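Be aware that the sequence shown starts at 1190, since it is given in the numbering used here, and climbs by one per residue.
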Amino acid sequence: MPSATYEPDLKGYVTRIASPAEIDVNGVHIRIDNGTQFFTKAANKLSRTQAADAKPYIGQTVEVYGKRHGKEHAIEAKQINLHRNQARKVRGSGIVDAIPHTLPFVSPQEGIVLRADGYLVLVTKQTEQIFQPPITAADAHQTNVWVSFHGTQRADGVVVATSVSFRLNTVDVSPVPLNEIVCWPLEALSKIVKTPVRVPFAVGLNLILIAQKTHRAATAETANFPRLVFNLSAPPGADVS
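Encoded structure:
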């Protein structure tokens, strides 16, 4: 067992939980097998724990010891130290992709648990719930609904929600009227992002910035544009060779 004083091969936060056999830490794939040992870490002291009881969660601080596979951006984990973090405030939003019905650390009496944005979100009787029409209380607690939440993440990783807001999971694909399209040259874009913009594959390339009517009078330095579309057509006479 690596000592607590050894430098881990990777230290960071759990950013994804793919399965019991694979998690991501700082975006690096951590492969877990029967030989992987788990420890909990509190006050710089390690305590051995069974893999079945480890249950890493999104945002948890971990230390990983093992063999790196650079080309695969992965580590074959020999030991994982799980920090028992203090309760902290978190917020997030995303599609509800699961409704876990049986969790050993959450009783049915506490409320309903939704999984969204990588978090287990506990909605209790004290949680303020907002339902954006046509979503209602009767159809909010299901998968494929968009939820925004904030609350306190417990030491076991569950977020006890202070408030949640539910809405339909839809995408607005309505066309943008031509009179709402504003074109800014690359020089203006450089002022917006405060860094030089270099486009090596075309000269005279313009960025078409799709803006709301209220943004059309704003300056390039202050406008807040919701999305970008590239116009790859060069102006007449431009040398694009």
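Yeah, the Cβ is synthetic: ideal placement off N, Cα and C, and Gly gets one too. Just so we're clear, the structure is a prediction, and the values are computed from it rather than from any experiment.
Ends of the alpha helix (DSSP H) at residue i?
i, result
"A1240", "1240-1243"
Can you give the beta carbon distance from residue i to residue j, rounded, assuming they're within the 8 Å contact cut?
i, j, result
"Q1266", "T1225", "Note on identity: in this sequence residue 1266 is Ala, with Gln being the wrong assignment. Going by Cβ atoms, the distance from A1266 to T1225 rounds to 5 Å, so yes, they are a contact pair."
"H1339", "R1277", "Not quite, the Cβ-Cβ distance comes to about 11 Å (not below 8 Å), so this is no contact."
"V1203", "Q1249", "5 Å"
Using the rule of at least 16 other Cβ atoms within 10 Å of the residue's Cβ for burial, across every protein chain shown, is residue i buried or exposed?
i, result
"S1208", "exposed"
"I1284", "exposed"
"F1213", "Residue identity differs from the one stated: residue 1213 is Asp in this sequence, not Phe. With 16 or more Cβ atoms within 10 Å of its Cβ, D1213 is classed as buried."
"A1210", "exposed"
"I1324", "buried"
"G1216", "exposed"
"P1415", "Note that P1415 scores 40 on pLDDT, short of 50, meaning its location in the model is unreliable and no value can be drawn from it."
"P1245", "buried"
"Q1268", "buried"
"I1219", "buried"
"G1255", "buried"
"Q1315", "exposed"
Tell whether a beta-carbon distance below 7 Å holds between residue i and residue j.
i, j, result
"D1198", "V1251", "no"
"G1307", "I1247", "yes"
"A1350", "V1295", "no"
"N1270", "F1320", "no"
"V1347", "L1309", "yes"
"A1305", "V1336", "yes"
"F1355", "A1327", "no"
"H1272", "K1230", "yes"
So the beta strand (DSSP E) residue i belongs to, where does it begin and stop?
i, result
"T1225", "It is not in any beta strand (DSSP E) - T1225 carries neither H nor E in the DSSP assignment."
"Q1342", "1334-1342"
"Q1141", "Residue 1141 lies beyond the range of the chain shown here (1190 to 1430); nothing can be said about it."
Looking at residue i and the ligand FMN, is the gap between the Cβ and the nearest heavy atom below 6 Å?
i, result
"L1357", "This structure simply doesn't include the ligand FMN, nor any ligand for that matter."
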